[in-house]
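Take a look at the structure set out below.
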Amino acid sequence: MSDPYSDLAAQDQSTQTLIADAMDARCLEPAQIAIRRAYMGGLSVPADAFAVEFGSGTGYVTSDLITMAGAARALGIEPSPVMVARAQTRFADDPRLSFDTGDAKRTALPDASVDLVLMHTLLCHVPEPQEAVAEAFRVLKPGGQLVICDGDYDTATAQIADYDPLDQIIRFMINQNVTNLWIMRQITEILTGAGFTLGPRQGHGYVAEGEATYFMTVISRGADRMVETGLLFPETAEALKDEARRRVEADKFFGFMSYVSQIAIKPDNA
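Numbered per this note's numbering, the sequence shown spans residues 2 to 271.
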């Protein structure tokens, strides 16, 4: 199965809704909010800054462009109509926020019209990611910033001992849902090749906390997908989901993944 995130608009509505629910769960976790605050909180933008998120999902991170990064207004561009509709409904009362369906590689934005472009967990799903980076370069004003944060997906794990079956579900889901596991290990070359100057890079460790809500969605979706592919019987999948829930209840669950953020600047003479 190819990464469904790479062509979300082509997925059926139930798949888009399932992915939207998982995005909501992840965005609302305190540990994930802390990661976003860590790389956005130190950004310096003009008082009237216009910021755009490529791949805006259900809208929470686009909202952070105002509350954390200090932009005056923000636009989210997202290929999934289900997610755009959810974001529009959720943030309907905030005139500073807007959301449109669109493609990160081919936006309708004018040249040199944006102060800040954000790609949060987008590029790992994009075939030919240099095209999305080139589009960001085109729409940014000279001196504008591109901010990228993505997972270092080869580090994702739920393993607490050798041969842990829950960890196999995590690895299966990564294989099924990520186009490029190592995008943040390759990103600096892509950025400089597009003409950007490199800014700060940070590593961010994510450990599942409390009810491990996001990791539970990954395990549930992964087990279901294993049934769909014939790898597991339904009863086995349900037993593995129950194992994950029982670990959480017993304070025995462990879920971890590294994230990396990278800031890049469009030169003043570009």
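Cβ atoms here follow ideal geometry from the backbone N, Cα and C, with glycine treated the same way. Note that the coordinates shown come from a computational prediction; the quantities given were computed from them, not determined experimentally.
Beta-bridge annotation (DSSP): residue 156 is not paired with any residue. Excluding the 5 residues flanking it on each side, residue 271 has same chain C-beta neighbours closer than 7 Å at 143 and 196, in chain order. Note on residue 222: 16 or more other CB atoms within 10 angstroms of its CB, so buried under the neighbour-count rule. Sequence-distant Cβ neighbours of residue 132 in its own chain, meaning closer than 7 Å and more than five residues away, are 106. By the CB criterion at 7 Å, residue 153 and residue 259 fall inside the cutoff. Residue 111 counts as exposed, since fewer than 16 other beta carbons sit within 10 angstroms of its beta carbon. Taking one beta carbon from each stretch, the region 157 to 175 and the region 46 to 56 have fewer than 3 pairs nearer than 8 Å; the two do not touch. With contacts defined as CB atoms closer than 7 Å, residue 173 and residue 213 fail to qualify as a contacting pair. Following the DSSP letters along the chain, one finds residue 20 inside the alpha helix (DSSP H) bounded by residues 14 to 29.
In the three-state reduction of the DSSP assignment, residue 64 falls in the helix class. Counting the other CB atoms within 10 Å of its CB gives residue 208 a total below 16, which places it among the exposed residues.
Using a Cβ-Cβ distance cut-off of 8 Å, the region 237 to 249 and the region 182 to 189 are not in contact, since fewer than three pairs of beta carbons, one from each stretch, lie closer than that value.
The three-state secondary structure of residue 142, taken from DSSP, is strand.
In this chain, the beta strand (DSSP E) harbouring residue 202 covers 198 to 208.
For residue 97, the three-state secondary structure derived from DSSP is coil.
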